[in-house]
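Engineer: Have a look at this one.
2 protein chains.
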Amino acid sequence: MNNILILGAGRSASACIRYVLERASEHNWFVIVADADHELAAKRVGNHPNGRGVWLDASKVNDRRDLIGRSDVVISLLPPQLHLEVAGDCILLKKHLITASYVSKDIYKLSDDFRNKELIFMGEMGLDPGIDHMSAMQKIDEIKAKGGKITSFSSNAGGLVALDCLKKNPWRYKFTWNPRNVVKAGQGTAQYLENGKFKYIPYNRLFKEYRLIEIPGYDEPFEVYANRESLLYREAYGLDDIPTLFRGTIRYRGFCDAWNALIQIGLTDGTYPILDSEKISYHELMEAYLSKEGRSGASVKERIAELLGENEFSPVMKKLDWLGLFSKKKIGLENATPALILEDLLLKKWKLEAKDRDVIIMQHEFEYELEGQKRRLYSTLVLEGKDANDTAMANLVGLPLGIFAKQVMTGKITSTGVNIPVKKDIYKPVLEELKNYGVVFHEREEIL
Amino acid sequence: MNNILILGAGRSASACIRYVLERASEHNWFVIVADADHELAAKRVGNHPNGRGVWLDASKVNDRRDLIGRSDVVISLLPPQLHLEVAGDCILLKKHLITASYVSKDIYKLSDDFRNKELIFMGEMGLDPGIDHMSAMQKIDEIKAKGGKITSFSSNAGGLVALDCLKKNPWRYKFTWNPRNVVKAGQGTAQYLENGKFKYIPYNRLFKEYRLIEIPGYDEPFEVYANRESLLYREAYGLDDIPTLFRGTIRYRGFCDAWNALIQIGLTDGTYPILDSEKISYHELMEAYLSKEGRSGASVKERIAELLGENEFSPVMKKLDWLGLFSKKKIGLENATPALILEDLLLKKWKLEAKDRDVIIMQHEFEYELEGQKRRLYSTLVLEGKDANDTAMANLVGLPLGIFAKQVMTGKITSTGVNIPVKKDIYKPVLEELKNYGVVFHEREEIL
């Protein structure tokens with residue numbers, strides 16, 4: 036096997052492309068990077084003799100199949116909704132396929148087709164999902180191997196920015212990944228398990244009812260809000276009878292109360308357009324959410340504070356004010372939903388500056404019984420990026436893809452069918468190699 | 036024209052059927068009542084010589100068309116989603132069609148087809164929608180005719196139960212119409228106009244931010260929460276430039292805070308199933324919504340009270356308790372959403388007893404300028420039903436259909452195409468005849 040096709044040349048692709056190109060001469064690989072933006076694809080490859088950047092409109096079946104047909108392993112960083120079609124191509128043309136996206140039910144249905152052709156489809160091979168699965172499963176398998184019985188598993192992760200880069204930003208948050216997903220985060224109902232009982236947190240309480248966790252090296256606790264799909268991990272991780280299972284998202288202290296304020300006002304809703312949105316100001320938008328009459332002479336800001344049960348100079352109100360939600364500036368977006376208006380505003384205010392360093396924090400917390408003793412184990416990763424162009428986020432999404440592609444290219448993978456990285460033969464070599472890139476989990480154990 | 040077909044023999048059909056049968060001999064009408072429940076259809080007709088109850092599965096095109104083909108005017112009380120098909124039949128077979136349901140966009144598209152065949156489709160000819168349109172348009176036309184300029188219009192309505200029938204019910208509410216619509220009420224975002232500005236109230240604040248109104252004859256004010264679609268009425272009512280336009284739903288004092296509690300807990304959500312719902316008790320369901328740890332030893336009820344910012348014996352908590360939400364009784368419904376569990380519980384607790392009398396309350400409030408003077412006009416309907424079998428609700432939904440059918444049958448209607456009752460030649464005779472049934476709006480005007 037000599038030919039690797041990488042579909043997509045965006046942010047998450049860069050680390051993956053760099054990784055495979057660095058090893059291309061040694062292994063005699065040829066790497067094609069395909070993107071709708073030809074210049075970007077060419078730039079990612081540079082003048083590497085073993086690579087080429089090409090133009091591809093991934094929605095065009097024939098062009099896509101032409102490229103896939105000439106490769107041995109396909110790494111897809113295309114938008115998730117395209118993966119089903121690409122998977123179909125790979126079955127047809129007998130190619131292995133690797134992605135960092137969540138594996139959909141429709142893709143799981145293709146498992147037999149991949150297996151029958153002795154192919155592997157590896158999904159969720161990025162950071163979250165990806166490194167979360169691998170690092171958790173390594174600990175789960177270790178604990179089980181020594182005879183431990185796991186009674187509780189909480190897994191929390193967040194993509195943040197180093198505190199010293201956030202001094203002018205009262206939210207202490209910037210976008211390091213998909214802004215739309217941040218705006219929509221938590222919509223629906225979070226579900227998890229606690230002491231053998233199912234728990235539900237509806238969206239309107241999700242950011243009010245956060246937990247606090249401690250991360251080594253930080254003086255203050257972090258906030259964690261519950262993810263929607265914790266229960267899916269019972270089966271995937273072989274924890275079917277576990278009494279407590281929780282997954283959450285990590286933010287710096289102070290974030291959740293302020294985000295909750297945006298939810299309560301109504302600004303995260305993407306289901307209806309604000310009428311005349313192109314003509315009105317942010318101040319008028321806020322006023323449009325005030326239905327109760329305020330005290331005589333009360334400003335819009337004072338009335339919003341009252342609605343939220345805050346005082347006008349509280350930390351939450353300062354964050355709203357800093358975003359410019361009370362400014363008389365025009366929104367200038369036609370037929371926009373509140374969520375779109377918010378996203379547009381946050382894109383300006385939460386933009387990563389050139390020298391900003393992002394931080395990935397991931398922490399697994401296990402409780403288990405071993406030889407009659409109750410123990411609690413924390414396994415924590417804290418990894419900083421270099422700057423806005425070389426983020427820990429992009430590296431940790433892209434590197435597992437590259438490392439796993441190398442395993443496949445060098446014939447070290449015998450699994451077939453649709454997989455996620457929860458098996459030892461898959462996660463072990465990837466985690467081992469990731470250590471060279473600083474992906475090291477520090478452990479702390481307590482006897483309870 | 037001699038033949039009337041009434042599709043559907045349910046609650047709202049009874050008053051309509053009674054009305055047309057009472058006039059059948061005089062006008063030499065023959066009335067066919069068709070329902071999937073043949074016995075019910077036959078019962079509604081009784082032994083009236085001019086009527087017959089027949090069996091019909093309305094989803095069967097040929098059977099439906101056979102009946103429609105033999106009629107002159109069709110009154111449909113079928114579920115709203117069937118009206119598009121019935122409308123198609125009526126165009127094909129050249130029949131007039133009358134319904135009490137909201138007119139969908141798809142039906143409006145058929146307006147030319149009805150008009151070209153000199154047929155009328157009359158929609159929204161019930162109570163709400165129906166009597167609300169007619170009574171409001173009568174006042175709007177009167178004010179305009181005398182040269183008044185309307186600056187504000189609020190229209191509120193509610194289907195309630197007489198206070199003396201509610202002594203044992205702390206919610207002071209029972210179902211007199213579709214329970215599912217009550218559970219889902221307000222989901223989405225309410226929109227209205229105030230002083231020339233659009234206003235939005237998201238669902239999570241809708242039942243917190245109610246208004247109070249006074250109704251003549253009652254000592255205490257009523258609560259009003261905003262309806263979703265107030266803005267639609269600008270064009271329909273010819274009020275395109277009106278600065279303030281609001282529509283709301285009326286409840287007795289105390290209802291909205293308690294309903295808001297159900298929303299905040301998460302019980303009105305119909306989008307996901309409660310896991311193991313058939314096995315757990317209401318008490319366990321409430322516990323499943325508690326994510327924060329309570330004070331040591333705090334009961335589920337105490338923790339829910341804390342979550343809601345209530346004390347354990349507050350009026351809101353008493354209402355939740357009265358529903359049985361803290362009882363150890365099993366829910367006993369498989370794979371049920373929270374909304375379905377709530378609906379099932381409310382069906383038992385909010386059931387109309389045989390002797391209960393319902394009350395329809397409708398109030399229009401206009402502000403207008405006439406000869407340099409600002410005036411405020413209240414136009415209010417309060418109408419009680421007789422008992423659970425003869426409700427004001429069913430009468431006021433069914434009578435306008437019957438009365439309007441008579442107008443069509445006796446050749447008094449010249450309008451064609453798709454209509455709602457906002458024109459004088461349509462609403463005037465209907466409102467006039469409704470007075471005989473107690474539908475009298477009392478007016479009070481203030482000079483401001």
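Same order as they appear, the protein sequences are chains A and B. Using this note's numbering, you'd call the opening residue of the first sequence number 36 and step up by one each time. Using this note's numbering, you'd call the opening residue of the second sequence number 36 and step up by one each time. The beta-carbon is built from N, C-alpha and C at its ideal position, and this holds for glycine as well. Given the structure is predicted, the values throughout are model-derived calculations rather than measurements.
#1: Tell whether a beta-carbon distance below 7 Å holds between A:M172 and A:V457.
#2: If we cut at 7 Å on Cβ distances, does B:F485 have a partner in chain A?
#3: Relative to the ligand PLP, is the shortest distance from any of its heavy atoms to the C-beta of A:A69 smaller than 6 Å?
#4: Counting only runs of 4+ residues fully inside the segment 455-481 of chain B, write out the alpha helix (DSSP H) ranges in chain order.
#5: Can you give the Cα-Cα distance for B:V96 and B:H83, rounded to whole angstroms?
#6: Between A:V432 and A:V417, which are expected to be in contact by the criterion C-beta below 8 Å, what is the C-beta distance as a whole number of angstroms?
#7: B:H131 bridges to which residues according to DSSP?
#8: Which one of A:A296, A:T279 and A:E345 has the shortest CA to CA distance from A:R269?
#9: What residue does the alpha helix (DSSP H) around A:E341 start on, and which one ends it?
#10: Expressed to the nearest angstrom, what Euclidean distance is found between the alpha-carbon atoms of A:K6 and B:L247?
#11: For A:A293 and chain B, any beta-carbon pair shorter than 7 Å?
#12: State whether the segment 394-407 of chain A contacts the segment 377-386 of chain A, with contact taken as three or more CB pairs (one from each stretch) at a distance under 8 Å.
#13: One question on the structure: do A:A48 and A:L91 come within less than 7 Å of each other, judged by their Cβ atoms?
#14: Using a threshold of 7 Å, state whether the C-beta atoms of B:I366 and B:G158 are closer than that.
#15: Answer with yes or no whether the minimum CB distance from A:F233 to chain B is below 7 Å.
#16: Using a Cβ-Cβ cut-off of 6 Å (strictly less than) and excluding sequence neighbours within five positions of B:Y235, which residues of its own chain qualify?
#17: Can the beta-carbon of A:L466 be found less than 7 Å from the beta-carbon of A:M169?
#18: Using a Cβ cut-off of 7 Å, pull out every chain B residue sitting near A:R310, in sequence order please.
#19: Is the shortest distance between the beta-carbon of B:N82 and the beta-carbons of chain A less than 7 Å?
#20: Under DSSP, the beta strand (DSSP E) around A:Y401 begins and ends at which residues?
#21: What do you reckon, are the CB atoms on B:G182 and B:A135 nearer than 7 Å?
#22: I want to see whether chain B comes within less than 7 Å of A:S326, judged by CB atoms only; does it?
#23: For A:E322, go through chain B and note every residue whose CB falls closer than 9 Å to its CB, in chain order.
#24: For the putative contact between B:D391 and B:K209, defined by C-beta atoms under 8 Å, what is the C-beta separation to the nearest angstrom?
#25: Identify the residues that DSSP records as bridge partners of B:P237: which are they?
#26: Three Cβ pairs or more, each shorter than 8 Å: is that satisfied between the segment 271-289 of chain A and the segment 320-332 of chain A?
#27: Would you mind telling me which residues of chain A sit closer than 7 Å to B:N239, beta carbon to beta carbon, in chain order?
#28: Just to confirm the assignment, what range does the alpha helix (DSSP H) spanning A:Q442 have?
#29: Residues of chain A with CB closer than 7 Å to the CB of B:Y307, please, in chain order.
#30: Around the C-beta of B:D199, are 16 or more other C-beta atoms found within 10 angstroms, so that it is buried, or is it exposed?
#31: Taking the continuous alpha helix (DSSP H) assigned at B:L297, which residues delimit it?
#32: Would you kindly work out how many angstroms separate the C-alpha atoms of B:E255 and B:G301, rounded to a whole number?
#33: So for B:H64, helix, strand or coil by DSSP?
#34: Is B:N210 helix, strand or coil when you go by DSSP?
#35: On the DSSP letters alone, give me the boundaries of the alpha helix (DSSP H) that A:V10 sits inside.
Structural biologist: Here's the rundown:
#1: yes
#2: Given that chain B is displayed from residue 36 to residue 483, the structure contains no residue 485 of chain B and the question cannot be resolved.
#3: Judged by which ligands are present, the structure shown has none, so any question about the ligand PLP falls away.
#4: 459-469
#5: 28 Å
#6: Not a contact, Cβ separation roughly 17 Å.
#7: B:V108
#8: A:T279
#9: V335 to L343
#10: Missing from the structure shown is residue 6 of chain A; chain A here goes from 36 to 483 and no further.
#11: no
#12: no
#13: no
#14: no
#15: yes
#16: T224 and Q226
#17: yes
#18: The sequence given here places Leu at residue 310 of chain A; Arg does not occur at that position. The contacting residues are F233.
#19: no
#20: For the sequence presented, residue 401 of chain A should be read as Phe rather than Tyr. Element bounds for A:F401: D393 to L405.
#21: no
#22: yes
#23: K232 and K234
#24: 7 Å
#25: B:T224
#26: no
#27: N239 and Q299
#28: A427 to M444
#29: T224
#30: exposed
#31: F290 to I300
#32: 30 Å
#33: Per the sequence shown, residue 64 of chain B should be read as Trp rather than His. In this structure, B:W64 counts as coil in the three-state DSSP scheme.
#34: Checking the sequence, you will find Phe at residue 210 of chain B rather than Asn. B:F210 falls in the coil class under three-state DSSP.
#35: Because chain A is modelled from 36 through 483, residue 10 of chain A falls outside the range shown and cannot be assessed.
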